[in-house]
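If you use the UniProt record's numbering, the sequence shown closes out at 362, no skipped numbers anywhere. In what follows, a single structure is set out as structure tokens and then discussed.
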Amino acid sequence: MMSECENALAEALAADLGRSHMEAWFTETRYVAQDAKYMRRHLRKWAGPRHVSTPLVGFPGRSWTQARPRGVVLIIGAWNYPIQTVLSGAAAAIAAGNCVVFKSSEKAPASSALHARIVAEYLDEQCIRIMEGGAAEAACLLELPWYYIMYTGGGCVVLQAAAKYLTPVTLELGGEGPLHSFGRIVNAFRFGRLQALVSDANAHVAIGGQTNAETRYIAPTVLTSVQEDSAVMEEELFGPVLPILCFENLDSAIHLICARDKPLASYPFIKDSATERRFVERVSCGNMCINDTMYFAAVHKLPFGGVGASGMGCWSGEQGFKTFSYVKAVIKRGWWPDSDVRFAPYSQKKLALFKLIFELSS
1 MMSECENALA EALAADLGRS HMEAWFTETR YVAQDAKYMR RHLRKWAGPR
51 HVSTPLVGFP GRSWTQARPR GVVLIIGAWN YPIQTVLSGA AAAIAAGNCV
101 VFKSSEKAPA SSALHARIVA EYLDEQCIRI MEGGAAEAAC LLELPWYYIM
151 YTGGGCVVLQ AAAKYLTPVT LELGGEGPLH SFGRIVNAFR FGRLQALVSD
201 ANAHVAIGGQ TNAETRYIAP TVLTSVQEDS AVMEEELFGP VLPILCFENL
251 DSAIHLICAR DKPLASYPFI KDSATERRFV ERVSCGNMCI NDTMYFAAVH
301 KLPFGGVGAS GMGCWSGEQG FKTFSYVKAV IKRGWWPDSD VRFAPYSQKK
351 LALFKLIFEL SS
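This is how it looks when you write it as structure tokens:
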């Protein structure tokens, strides 16, 4: 599906986000295709029984765990990666044996419309359905009971809705961190918001700053002399703007990071191994890529997710399969004659023997 629809997906992403074909392939279509391929290659191992040892007290018997699908799950994607945030999660949910309803972001309309077409063409509509629409449709979906919800965006409303049915969730909420920049803003509201954040920061525009409201274009912009408490430092920007703060030493930088909400990702550029160890140990974040950005997404054995205010739960690769599964514990007893030591009437002799059996089992 991803290979045959590559050009159509690239055109939709270009229409929604101004994203190049190269970037669309690397961060969206290839990512989903490789994630699905990796899961298919390892699915038999993940889904099969995993035997565990049975203690003496359980003899004769065998024990194992079995991954089982949760049921019908809901996936709500985001506009900034409209293909990846929906289809990668859907691939994991399907691999785990679930039925899936997913909703694309209405803020990426071309991608959402294409989702609806390719789902109908390639996937089994008895098991996988797509819902298009905006906030009202999302609210209707959240009124329903689900066995699991995966959501990318601001998650308080989702968490409140899930709590009503005790539905487990994976929330990718984002947070402050370096952004992979494409320059074109998804809609006029976000263009105006980002433009206001830059102008209100009262910072020095060291690089860029050019804008075009007609095309919603903002040139890659670097801000210096930024105040720590300015709005541009407090909000997730979703645009090609990089505020820079200067520190006298590493401890001061780490102190500022730790004083704020835990970020989804951190990208330290460090040459010294001792400094690297200190940063990795002391900075709490969902994901970290040292000396580059976002490359953890290229390693399907690594989970992806946030911590604290940047999210809960994780997905990608095997972790995605585990997210959309629950583990059933099974023990099978043999038909041998059972000792009466564990049955009433009880005696001190039986208690002593039972204690001995448990002691030998531990």
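Backbone N, C-alpha and C fix where the C-beta goes; we use that ideal spot for every residue, glycine too.
Task: Rounded separation between Val73 and Val341 - CA only - done: 46 Å
Task: Extent of the continuous alpha helix (DSSP H) to which Met39 belongs - done: 30-47
Open item on the list: Here's a check: name, in chain order, each residue in its chain whose Cβ is nearer than 6 Å to the Cβ of Ser225, leaving out the five neighbours to either side.
Closed with: Ala203, His204
Task: Ile75 versus Arg40, Val158, Gly208, residue with shortest Cα-Cα distance - done: Val158
Open item on the list: With DSSP as the reference, identify every bridge partner of Ala170, one or two as the case may be.
Closed with: Rather than Ala, the amino acid found at residue 170 in this sequence is Thr. DSSP, once it has assigned bridges, lists Met150 as partnering Thr170.
Open item on the list: Need the endpoints of the beta strand (DSSP E) that His204 sits in, please.
Closed with: 204-207
Task: Beta carbon of Ile130 nearer than 8 Å to that of Ala116 - done: yes
Task: CA nearest to the CA of Glu234, picked from Gly183, Leu194, Ser325, Ala108 - done: Leu194
TODO: Look at residue 367 and Gly286 and say whether their C-beta atoms are less than 8 Å apart.
DONE: Look at the range of the chain in this structure, 1 to 362, and you will see that residue 367 is not part of it.
- [ ] Leaving aside the five residues before and after residue 363 along the sequence, list all residues of the same chain whose C-beta is less than 7 Å from its C-beta, in chain order.
- [x] Residue numbering for the chain in the displayed model covers 1 to 362; residue 363 lies beyond these limits and cannot be assessed.
- [ ] Kindly indicate the opening and closing residues of the alpha helix (DSSP H) around Ser310.
- [x] First-last for Ser310: undefined, no H or E at that position.
Task: Cutoff 7 Å; reference Lys107; Cβ partners in own chain excluding five residues on either side - done: Trp79, Val186, Asn187
TODO: Apply the 10 Å Cβ neighbour rule to Thr65 and answer buried if 16 or more other Cβ atoms are within range, or exposed otherwise.
DONE: exposed
Task: Distance between Val32 and Ser112 (C-alpha atoms, nearest Å) - done: 16 Å
TODO: Have a look at Phe304 and Ser361 and give me their C-alpha separation to the nearest angstrom.
DONE: 39 Å
- [ ] Alpha carbon to alpha carbon, how far is Leu114 from Thr85? Give it in angstroms, no decimals.
- [x] 15 Å
Task: Uninterrupted alpha helix (DSSP H) stretches inside the UniProt domain "Aldehyde dehydrogenase" (183-330) (no shorter than 4 residues) - done: 188-200, 231-234, 250-259, 273-282, 317-323
- [ ] Just tell me which of Ile128, Gln160, Ile270 has its CA closest to the CA of Asn291.
- [x] Ile270
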